[in-house]
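K.L.:
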Amino acid sequence: MEQLIETEDFETALARRAREVEATLDRLLGSASLEGEIARPDELMRAIRHGVLGGGKRLRPFLVLETAALFDADDNAALRVAAALECIHCYSLIHDDLPAMDDDDLRRGRPTVHRAFDEATAILAGDGLLTFAFDIVADDATDLPAATRVRLVSAMARAAGVGGMVGGQALDLQAARIKPDEAGVVMLQAMKTGALIRFACEAGAAIGDASPGERERLSEFGQAIGLAFQLADDLLDATSSAATLGKAAGKDADAGKATLVSLHGVEWTRRQLAGLVDQATALLDPFGARAGLLREAARFVAMRSF
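Going by full-length UniProt numbering, the sequence shown opens with residue 1, and the numbers climb by one from there.
1. Does the segment 256–275 come into contact with the segment 201–220, if we say contact requires no fewer than three beta-carbon pairs (one atom in each stretch) closer than 8 Å?
2. In the DSSP assignment, find the alpha helix (DSSP H) that holds residue 357 and state where it starts and stops.
3. Can you tell me which of the three DSSP states residue 16 falls into?
4. Comparing C-alpha positions only, which one of 188, 178, 207, 177 sits nearest to residue 169?
5. Please identify the residue among 297, 193, 114 whose C-alpha is closest to the C-alpha of residue 95.
6. Three-state secondary structure (DSSP) at residue 286?
7. Taking the continuous alpha helix (DSSP H) assigned at residue 121, which residues delimit it?
8. Among 40, 197, 122, which has the Cα closest to the Cα of residue 103?
9. Taking DSSP as the reference, what is the three-state secondary structure of residue 53?
10. Which of the three DSSP states is assigned to residue 98 in this structure?
11. Comparing alpha-carbon positions, which option in 78, 175, 203, 182 lies nearest residue 313?
12. In its own chain, which residues sit with a C-beta less than 7 Å from the C-beta of residue 49, not counting the 5 before and 5 after it?
13. Return helix, strand or coil for residue 294, following the three-state DSSP convention.
14. The alpha helix (DSSP H) with residue 148 in it runs from where to where?
15. Helix, strand or coil: how does DSSP classify residue 111 here?
16. Check whether the segment 197–206 and the segment 54–74 touch, using three or more Cβ-Cβ pairs below 8 Å as the test.
17. What does the Cβ neighbour count give for residue 22, buried or exposed, with the cut at 16 atoms within 10 Å?
18. In whole angstroms, what separates the C-alpha of residue 89 from that of residue 225?
19. Whole angstroms is fine: what's the gap from residue 60's alpha carbon to residue 52's?
20. Which residue comes first and which comes last in the alpha helix (DSSP H) that contains residue 213?
21. Please confirm whether residue 125 and residue 47 have their CB atoms less than 8 Å apart.
Structure, rendered in structure tokens:
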């Protein structure tokens, strides 16, 4: 693993962590069967690797790793949990891109999994990634106390499931037929996008055996930047091109989807983003200089242009 440089800037740190996570995922998603597995079908594994490897900022894993680093936690255990979370995120992207969902042809500038392979294989690739994520965390190779792994598995399931990301996607599909009010949009976004981002910060705190107060503070930090992430995503969809985003742009407006941008406009959204950054960074004050990269992560989430 590459040595951490104390003076490392955010972009360098984000890229370094992305390489570490990519290498971990590459190893975990290899062709060799694990104990208890019968075989790993070649085409399925190629589809999974297409959907996971070769791109992405790996923001959610970065948040796991950097929140864990606040408490000098074991970096290898944090990397495995970060990789598991990225498996869930990538599964959600594969399924969201399907014709029955968002019907996208591009992801990270490349054909989506159902375009590069076929719909059935894309569904199975997502299924495989979802189940494997829990395998990674529960495995003894994730060198954490058993009680901590159980808490992480439970929290990850709830963040990803019917009361979190999956439920948020269901609300998003429903919103195409019945436009939600502002409170409905905020809840939808907190579930679809925010739940996994909040979990990333909570997971790092759990890995680091943080105090209850520290865990709550980092959970609130994750909640704030989760909303900021979705606001920024909606803003990008409204103002950027497909070439910039690496995926189709303007789809929310074309679908008549209610977003906070559509309800309040671009300038209001930018002001909200600035306020969320202030809120998120203030939550990190007790951690002092150690939280510098997390403060920069909050600014990156809100101000990113891709």
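We put the beta carbon where it would ideally sit given N, CA and C, even for glycine.
Predicted model only: the values in this text are computed from it and were never measured.
P.N.:
Inspection of the coordinates gives the following:
1. no
2. This structure does not reach residue 357, given that the chain is present from 1 up to 306, and the question cannot be answered.
3. What you label residue 16 is simply residue 16 of the sequence shown in a count that begins at 1. Of the three classes helix, strand and coil, the one that applies to residue 16 here is helix, per DSSP.
4. Position 169 of the sequence shown, counted from the first residue, corresponds to residue 169. Cα-wise, what sits closest to residue 169 is 188.
5. Position 95 of the sequence shown, counted from the start, is the residue given in the question as residue 95. Answer by Cα proximity: 114.
6. One-based indexing of the sequence shown puts residue 286 at position 286. Of the three classes helix, strand and coil, the one that applies to residue 286 here is helix, per DSSP.
7. Here the question's residue 121 lines up with position 121 in the sequence shown. Residues 119–138.
8. Sequence index remark: in the sequence shown, residue 103 carries index 103 (1-based). The candidate whose alpha carbon is nearest that of residue 103 is 122.
9. Sequence index remark: in the sequence shown, residue 53 carries index 53 (1-based). It is coil, neither helix nor strand.
10. Taking the sequence shown and counting its residues from 1, the one referred to as residue 98 is at position 98. The three-state secondary structure of residue 98, taken from DSSP, is coil.
11. As shown, the chain starts at 1 and ends at 306. That puts residue 313 outside it, with no answer to give.
12. Here residue 49 refers to the residue found at position 49 of the sequence shown. Around residue 49: 29.
13. Translated into the one-based positions of the sequence shown, residue 294 becomes position 294. Three-state DSSP puts residue 294 in a helix.
14. Translated into positions along the sequence shown, residue 148 becomes position 148. Start and end: 146–160.
15. Along the sequence shown, one-based indexing puts residue 111 at 111. Three-state result, residue 111: strand.
16. Counting Cβ pairs under 8 Å, three or more are found: they touch.
17. Your numbering for residue 22 matches position 22 in the sequence shown. Buried.
18. The residue you call residue 89 lines up with position 89 of the sequence shown. The residue you call residue 225 lines up with position 225 of the sequence shown. About 16 Å.
19. Here the question's residue 60 lines up with position 60 in the sequence shown. Here the question's residue 52 lines up with position 52 in the sequence shown. Their Cα atoms are separated by approximately 13 Å.
20. What you label residue 213 is simply residue 213 of the sequence shown in a count that begins at 1. From DSSP, the alpha helix (DSSP H) with residue 213 extends over 212–239.
21. Position 125 of the sequence shown, counting from 1, holds the residue named residue 125. Position 47 of the sequence shown, counting from 1, holds the residue named residue 47. Here residue 125 is near residue 47, since their CB atoms are less than 8 Å apart.
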